[in-house]
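Presented below is the structure to which this report refers.
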Amino acid sequence: METEIEHTTKKMTLPVTGMSCAGCAVSVESMLKSTPGVSDASVNYANQSVQVNFDPQQVSLSDLDGVLQGIGYGLLLEAEEDDAQAKQQELQETHYRQIKRRTIGAGALATPVVVLGMFFMNLPYVNYLMLVLTLPVLVFFGKDFFVNAWKQARHGKSNMDTLVALSTGIAFLFSTFNTLYPEYWYTRGLEPHVYFEAAAIIIFFILLGKLLEERAKSNTSDALRKLMDLQPKMVRVLRDGQEQEISAKEVRIGDEVIIRSGEKIPVDGKVLSGNSFVDESLMTGEPLPAEKKPGTEVFAGTLNQQGSFSFQAEKVGKQTVLAQIIKTVKEAQGSKAPVQRLVDKIAGIFVPVVLGVAVLTFVIWMLAGGENALTHALLASVSVLVIACPCALGLATPTAIMVGVGKGAENNILIRDAESLEIAHKVEAVVLDKTGTLTEGRPRVSGWHWADGLAHTERHAAAIRAIEARSEHPLAQAIAAFEAEGTLPKVESFQSVTGNGVEGLVHGERYVIGTPAFLESQRVQADTSLTKLEGTLREQAQTVIGVGWKERQIALIALADQLKTTSAEAVQKLQKQGIDVYMLTGDNAQTAAQVAHQVGITHFVAEVKPQDKMDFVKKLQAEGKTVAMVGDGINDSQALAQANLSVAMGRGSDVAMDVAKMTLITSDLLALPKALRLSGRTVTTIRQNLFWAFIYNLIGIPLAAGVLYPVNSFLLNPMIAGAAMALSSVSVVMNSLRLRGLRL
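This is the structure in structure tokens:
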């Protein structure tokens, strides 16, 4: 958590509390950077943390926390990183529940206010009823907007909260005055209009936008938690000749760790004794388990399948490969600018401009308004603030995202947030994992080849399946399930030789199933034709299992990870869009070349590790390319987090889907070109929405200020200003709904 940068400077990563939008990340970052003693600060909005470089002799962590407390945020300063993360997660969940309750409450009260204001404005005492319903929306459900706006103002800053607080506050106060003292306007020949519905619905819509954003990022830390859960809590070690059970955190380099069948490996090391098979899809992505024997390496988080062994711990704690994966996922999953951040930036400029125009309007009317100067000054300045309300601005992004996400779901594309929709249409390079992405991700029997002239093959096949059904090896299970019909015969004797094969008796006849070397060791005579065929099958990147009956070889069983039926078509469509397609795999070069050729990919790299995949993505990004990474396993999580756009296959690991910003629900790669097209149309819609949100302001604000009054005595009524504001919101919603008719 802490490293030395210079003699007096420290670099620490600390959780931040209270950040509810991308603009908050900007505020936190700028406040810390402007603090004396802080040389740099970088906020990771996705992980709700900040990496800060500071001089402890000039400023303490408590001082930094105090700086952020002043603008509504804070730092978690717990010594234990795990405790800080747990507390941060708890605070995030609490914050999400609070926003959800406030959104529901605001919506429940704002809806009748809008109905009354639009259709029953002439009812007796209707203004008082709307006042009573609107007051809790602002004071209770929307109080954070006013509190945050005040904290920002104290430091000379403004953001979206400032605009929301000003427009709703002014509209509410103006409406309250008109409700309680309507005679002020009647005596001047004017109608006292109210805008309670505008104030209430603005609060509701902005809360709804924040709820959608909070929900989209609420699962960001799930991937990290699941990665951390891969390491067992307790392990057995051999110390002073005694077997002891200790915490995984207490394992030291040089300890002898004992692993039994079905257990997870706690740290990295090298096998000392024993033989087994370990599921290393975490590291390689490949479905077949890796054989472990003395001298081979094992890695934290991988799962032991068969047998037991002991190994010597060589890397522990933050040195393990799993810890490095967690670290890089945490860093790469950083704050990338979503579309909503543009809105916050615009609001930072827009708010002071609107305030300045409103004040200038009031001053000019007071100086040049004649006998009704105060009346005209109030009406004009309030009209400026009402017409500049951010309702359409707040709707611009979430409405388009809601429709775009729904359209994606119809086409088996699960979209997590605005960021992925913003970036996907810019993709220039797609990096595909092989196993589980282009292929099915599990071995299947591709062919059963018998020796020439062999009789009773059906009886032999049933016996072979019966024996393989007794084995726990994935290849054995694939063979046992191949064209299985009827009842399998009884296996009278069964023996498994780890890493080689199995042997069994059926109907009193001996069968040997396994590697060619295993068959030879069991004195099974090889068949010449089958031996020749074996070489051909291996050249086709297929795994080959030999079968011996009595003293002779009778069959070869070929297994392969089958290509998905739509993979080649999907690659072709991506290439037609001008996108470079690459394939990365932990499999051997021969298999990689075969798969790449079948789907039409010319750029591929074999035998890569998780770190290599991430480095490859970085290399493409260094060349200036916008990169999409598509994968399905934990071994892809680093590259997924690093990529500009991360896409997970729906049948992949939970970690991959948590890290990814998009998930192809059916694991059909044809959904990827559709996702890129949907992205382009959604971003276009958001930009159009922002245009409609501002065009009314660009036209309406000068009119509200009275720019035409000297020409034709036209002065925009606040009621018309409110209607224009509502029209801009309707335009935004209607434009977003056009996405529903998009054909992907």
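For the sequence shown, the UniProt record's numbering assigns the number 1 to the initial residue and increments by one for each residue that follows. Cβ atoms here follow ideal geometry from the backbone N, Cα and C, with glycine treated the same way.
Rounded distance between the beta-carbons of residue j and residue i, thought under 8 angstroms
{"i": "residue 580", "j": "residue 429", "result": "5 angstroms"}
{"i": "residue 678", "j": "residue 744", "result": "6 angstroms"}
{"i": "residue 463", "j": "residue 506", "result": "4 angstroms"}
{"i": "residue 600", "j": "residue 572", "result": "6 angstroms"}
{"i": "residue 358", "j": "residue 385", "result": "5 angstroms"}
{"i": "residue 554", "j": "residue 450", "result": "7 angstroms"}
{"i": "residue 523", "j": "residue 494", "result": "Residue 523 to residue 494, Cβ: 19 angstroms. No contact."}
{"i": "residue 433", "j": "residue 636", "result": "5 angstroms"}
{"i": "residue 68", "j": "residue 31", "result": "6 angstroms"}
Inter-residue Cα distance where the pair is residue i and residue j
{"i": "residue 80", "j": "residue 14", "result": "Residue placement at residue 80 is flagged as unreliable, the pLDDT there being 44, under the threshold of 50; the coordinate-derived value follows with that caveat. The alpha-carbon atoms of residue 80 and residue 14 are separated by roughly 11 angstroms."}
{"i": "residue 426", "j": "residue 401", "result": "17 angstroms"}
{"i": "residue 19", "j": "residue 424", "result": "26 angstroms"}
{"i": "residue 700", "j": "residue 574", "result": "45 angstroms"}
{"i": "residue 466", "j": "residue 313", "result": "39 angstroms"}
{"i": "residue 52", "j": "residue 298", "result": "35 angstroms"}
{"i": "residue 168", "j": "residue 198", "result": "7 angstroms"}
{"i": "residue 442", "j": "residue 16", "result": "42 angstroms"}
{"i": "residue 647", "j": "residue 436", "result": "13 angstroms"}
{"i": "residue 383", "j": "residue 690", "result": "21 angstroms"}
{"i": "residue 490", "j": "residue 644", "result": "55 angstroms"}
{"i": "residue 739", "j": "residue 686", "result": "11 angstroms"}
{"i": "residue 146", "j": "residue 171", "result": "14 angstroms"}
{"i": "residue 26", "j": "residue 624", "result": "25 angstroms"}
{"i": "residue 511", "j": "residue 475", "result": "17 angstroms"}
{"i": "residue 696", "j": "residue 387", "result": "8 angstroms"}
{"i": "residue 775", "j": "residue 611", "result": "In this structure the chain extends from 1 to 744, so residue 775 is not present and cannot be described."}
{"i": "residue 730", "j": "residue 682", "result": "18 angstroms"}
{"i": "residue 605", "j": "residue 585", "result": "7 angstroms"}
{"i": "residue 280", "j": "residue 320", "result": "14 angstroms"}
{"i": "residue 360", "j": "residue 702", "result": "11 angstroms"}
{"i": "residue 176", "j": "residue 130", "result": "10 angstroms"}
{"i": "residue 59", "j": "residue 153", "result": "24 angstroms"}
{"i": "residue 479", "j": "residue 454", "result": "20 angstroms"}
Boundaries of the alpha helix (DSSP H) in which residue i is found, first to last residue
{"i": "residue 614", "result": "610 to 622"}
{"i": "residue 520", "result": "516 to 521"}
{"i": "residue 457", "result": "457 to 469"}
{"i": "residue 603", "result": "Taken as a continuous stretch (DSSP letters only), residue 603 belongs to no alpha helix (DSSP H), being part of the beta strand (DSSP E) at 603 to 605."}
{"i": "residue 751", "result": "There is simply no residue 751 to check, as the chain begins at 1 and stops at 744 in what is shown."}
{"i": "residue 135", "result": "126 to 136"}
{"i": "residue 157", "result": "Per DSSP, residue 157 belongs to no alpha helix (DSSP H) and is neither H nor E."}
{"i": "residue 539", "result": "528 to 539"}
Member of the options whose CA lies at the smallest distance from the CA of residue i
{"i": "residue 155", "options": "189, 614, 663, 72", "result": "72"}
{"i": "residue 180", "options": "490, 314, 132", "result": "132"}
{"i": "residue 157", "options": "352, 52, 115", "result": "352"}
{"i": "residue 317", "options": "522, 122, 568, 251", "result": "251"}
{"i": "residue 542", "options": "58, 590, 453, 26", "result": "590"}
{"i": "residue 56", "options": "614, 690, 539, 9", "result": "9"}
{"i": "residue 254", "options": "97, 272, 29, 207", "result": "272"}
{"i": "residue 205", "options": "111, 115, 289, 236", "result": "111"}
{"i": "residue 268", "options": "274, 256, 275", "result": "256"}
{"i": "residue 163", "options": "174, 175, 149", "result": "149"}
{"i": "residue 694", "options": "350, 140, 303", "result": "350"}
{"i": "residue 520", "options": "501, 537, 365, 49", "result": "501"}
{"i": "residue 420", "options": "397, 358, 434", "result": "397"}
{"i": "residue 103", "options": "733, 405, 136, 635", "result": "136"}
{"i": "residue 292", "options": "237, 274, 300", "result": "274"}
{"i": "residue 295", "options": "305, 302, 270, 310", "result": "270"}
Residue range of the beta strand (DSSP E) that includes residue i
{"i": "residue 443", "result": "439 to 450"}
{"i": "residue 17", "result": "10 to 17"}
{"i": "residue 582", "result": "580 to 584"}
{"i": "residue 752", "result": "The question about residue 752 has no answer here: the residues shown for the chain are numbered 1 through 744."}
{"i": "residue 246", "result": "242 to 247"}
{"i": "residue 121", "result": "Taken as a continuous stretch (DSSP letters only), residue 121 belongs to no beta strand (DSSP E), as it is neither H nor E."}
{"i": "residue 546", "result": "543 to 549"}
{"i": "residue 309", "result": "309 to 315"}
{"i": "residue 694", "result": "No beta strand (DSSP E) contains residue 694, which is instead part of the alpha helix (DSSP H) from 671 to 705."}
{"i": "residue 414", "result": "413 to 415"}
{"i": "residue 268", "result": "268 to 274"}
*Decide if the stretch 524 to 531 is in contact with the stretch 625 to 645; the criterion is three or more beta carbon pairs, one per stretch, under 8 angstroms apart.*
no
*Given 8 angstroms as the limit, is there contact between the stretch 230 to 245 and the stretch 262 to 271, that is, 3 or more CB pairs closer than that?*
yes
*Segment contact, 8 angstroms Cβ cut-off, at least three pairs: the stretch 409 to 416 with the stretch 659 to 679*: yes
*asked:* Quick test of the definition: if touching needs 3 or more C-beta pairs under 8 angstroms, does the stretch 438 to 455 touch the stretch 548 to 564?
replied: yes
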